Amino acid sequence: RPRVLSGIQPTADSFHLGNYLGAVRNWVTMQETHDTFYCVVDLHAITAGHDPVVLRRRTRVAAAQLLAVGLDPEKCTLFVQSQVPEHAQLAWVLSCLTGFGEASRMTQFKDKSARQGAERASVGLFTYPILQAADILLYQADAVPVGEDQRQHLELTRDLAQRFNTLFGATFTVPEAYIVRDTAKITDLQDPTSKMSKSASSPAGIIELLDDPARSAKKIKSAVTDTGREILFDPEQKPGLSNLLKIYSALSGRTIDELVEAYVGKGYGDLKKDLAGVLADFVRPIRERTTGFLDDPAQLDKLLSIGAEKARAVASTTLRATYDRIGFLAEA
Ligand code: TYM
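Using my numbering, you'd call the opening residue of the sequence shown number -13 and step up by one each time.
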């Protein structure tokens, strides 16, 4: 089976629809066809300042949500990044192969450091994509299911894998980004040309999976659309409406064409009301199951430790090979 690795940051109290539709939904389906490794990337979550109590809570919430949406520890390896020390170890090696200019060109770093003020941004934020490359290469992943915003980080990962292989001999699988076009970029409900983002969007622009469906219904109702009346899929002319159609289609399993046909003669209000209903039905069991997993943190932590142990078996093999190739002494 081809190998998969992906990760998500525990930087919010809930995943938003962009995280779920752009990435996590594909994690669930790939469990059936691939050898899958999924991690909650807590090392990445400390690059922009954090509170320890909040981080610990969010790490558990992230893991609980992943289980609630359908990750099955019998089928995939689910773990927390900091419990597998090889991630930080390989990141150091890769950072020595990354050009300063190359890292400086990462657009997510440029955006985030601009928001924080260039002087205040941490070195960890700068080297973030290198740690992400280590996450992926440690597992010899063939495919990495992510949203469109991760494409540049995946390109860097591929470049680093190829560079290492050329300099020191074939060591890493060169991974492919796995990006599903229709849901690759779910946009902000208030600003439909920008991505829905936990760090950049206003609360009104984000739908959180664990939020009260009544609150989400209000956000959908006040989502920015255009002044037209006709329900058409046209991302250029009608970005807000088209985003709602994408979300509706992904959550209901109905194609966009089917939806457009079903809403002939109806208005934006009808579509928004129905979408809110579909969303409420979708999130209800996820909210309940998440709470269930969080009610027993000891059991959840146990499950994550087992995942970390499974992950380490793979990660340590790759790290040992890497250390050997670059000329570090083997443990005697
Ligand atoms: P993060 O935690 O920001 O987001 C998790 C996943 O959600 C996707 N995503 C979106 N997809 C579609 N539309 C959106 N509006 C949207 N917003 C977020 C992201 O593309 C991502 O797939 N750097 C990564 C975490 C990471 C990682 C890794 C990913 C660390 N190591 C190794 C893959 C492999 C990140 O910040 O994701």
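Here a beta-carbon is modelled for each residue, glycine too, at the ideal position from N, C-alpha and C. Being a predicted model, the structure only gives us computed values, none of them experimental.
In the three-state DSSP reduction, Thr277 falls in the helix class (H, G or I). Under DSSP, His2 shares a beta bridge with Glu194. Val109 counts as exposed, since fewer than 16 other beta carbons sit within 10 angstroms of its beta carbon. According to the DSSP secondary-structure assignment, Lys181 is paired through a beta bridge with Thr173. Under the three-pair Cβ rule at 8 angstroms, the stretch 255 to 274 counts as touching the stretch 194 to 203.
At least one heavy atom of the ligand TYM lies closer than 7 angstroms to the C-beta of Ile172. In this structure, the CA atom of Gly293 is about 8 angstroms from the CA atom of Pro59. The Cβ atoms of Tyr249 and Ile206 do not sit closer than 8 angstroms to each other.
One thing to note: Ala170 has its Cβ no nearer than 8 angstroms to the Cβ of Thr143. With respect to Glu72, Arg215 sits apart: the two C-beta atoms are not nearer than 8 angstroms. Distances from the CB of Ala9 to the heavy atoms of the ligand TYM include at least one below 7 angstroms.
Sequence-distant partners of Gly56 (beyond 5 residues in either direction) whose C-beta falls short of 7 angstroms from its own C-beta, in its chain, are Val14. Runs of the alpha helix (DSSP H) spanning 4 or more residues and lying entirely within the stretch 136 to 168 occur at 137 to 154, in chain order.
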